[in-house]
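Novice: Following the working numbering, the numbering of the sequence shown begins with 378 at its first residue and continues without gaps. Positions of the beta carbon are idealized from the N, C-alpha and C atoms, including for glycine.
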Amino acid sequence: MAYNPNQSFEFTHIFDAPREQVFKTWTELGHFAKWWGPKGAMLEVVRMDARSGGEFLGFQTSPDGKLVMWRKFAYLEVVEPEKVAYIQSFSDERGNTVRAPFRSSWPLEIMNSITFKDDEGKTVLKLTGYPVNASAEEQESYNAMAPMLQQDLEGAFDKLADYLVSLPLFLKKGKRQPWTFFQSGAAAFSDGARG
């Protein structure tokens, strides 16, 4: 895989729930289907085998029902309860990789690595994403869409926080923790330097 680690997207969120429980919401179908995706989008899962070498195939329907987007994951590394890493692509219903429906210059493959750290009973989740095997145009497209990625993740993680509260084992310790957002690789950092 060819990638530029200086062109990554990072997003961190603290969940007021145990690490093991947050990890399961990423790896168990019964949990994942209830929260993944932007607010208002409905997720239907065709298959999910969240283990190293496994795969995911599913689709989201926009809130107005007009747009259906298929996605697939190829799980590269799943280490309970510490890490989930996968390559994500848009696909057709058979799992063939296709271009994103919203931008033809969007990278075909995005590497996502999610780490789960325990912090006194809370979970610090960090998602790092970057295009793999991307052209310069695809990398630019990815960088330009960082605000949309941030918005989608905020919505998804809000849905996840709400879902965690609904679980019977959820430890209700107080309010949700704020998220933080960091995107490297903006045009000002195209040479890999960070300022």
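1. Would you mind reading off the limits of the beta strand (DSSP E) that contains L530?
2. In whole angstroms, what is the alpha-carbon distance linking E454 and F479?
3. G431 lies in the alpha helix (DSSP H); which residues open and close that run?
4. Just the C-alpha distance for R471 and F433, rounded to the nearest angstrom, thanks.
5. Using the Cβ count rule (16 or more neighbours within 10 Å means buried), how would you classify R396?
6. With DSSP collapsed to three states, give me the class of R396.
7. Measuring only the C-alpha atoms, how far is V542 from W483?
8. At which residues does the beta strand (DSSP E) containing G506 begin and terminate?
9. Alpha carbon to alpha carbon, what distance is there between V445 and D469?
10. Output the distance between the C-alpha atoms of K536 and P440, rounded to the nearest integer angstrom.
11. On a Cα-Cα basis, can you pick out the residue from P458, A427, L485, A394 that is closest to A513?
12. A538 and F392 look like a contact to me (Cβ under 8 Å); what is the Cβ gap, rounded to whole Å?
13. Does the Cβ of E515 have 16 or more other Cβ atoms within 10 Å, making it buried, or fewer, making it exposed?
14. Name, in chain order, the residues that DSSP records as bridge partners for Y463.
15. Tell me whether L406 sits in a helix, a strand or coil according to DSSP, three-state version.
16. With respect to the beta strand (DSSP E) encompassing L420, which residues constitute its N-terminal and C-terminal limits?
Specialist: Let's see:
1. Note, L530: premise wrong, no beta strand (DSSP E); alpha helix (DSSP H) at 523 to 543.
2. Taking the straight line from one Cα to the other gives about 29 Å.
3. Note, G431: premise wrong, no alpha helix (DSSP H); not H, not E.
4. A direct Cα-to-Cα measurement between R471 and F433 gives close to 12 Å.
5. Per the 10 Å Cβ criterion, buried.
6. Reduced to three states, the DSSP call for R396 is helix.
7. When rounded, the distance between both Cα atoms is 34 Å.
8. Run containing G506: 499 to 509, per the beta strand (DSSP E) assignment.
9. Between the alpha carbons of D469 and V445 lies a gap of roughly 10 Å.
10. If you draw a straight line from the Cα of K536 to the Cα of P440, it comes to about 15 Å.
11. When only C-alpha atoms are compared, the closest one is L485.
12. The Cβ separation is near 6 Å, so the contact holds.
13. Buried, since its Cβ has 16 or more Cβ neighbours within 10 Å.
14. Answer by DSSP bridge pairing, in chain order: Y452, N489.
15. Helix.
16. Bounds of the beta strand (DSSP E) holding L420 are 419 to 425.
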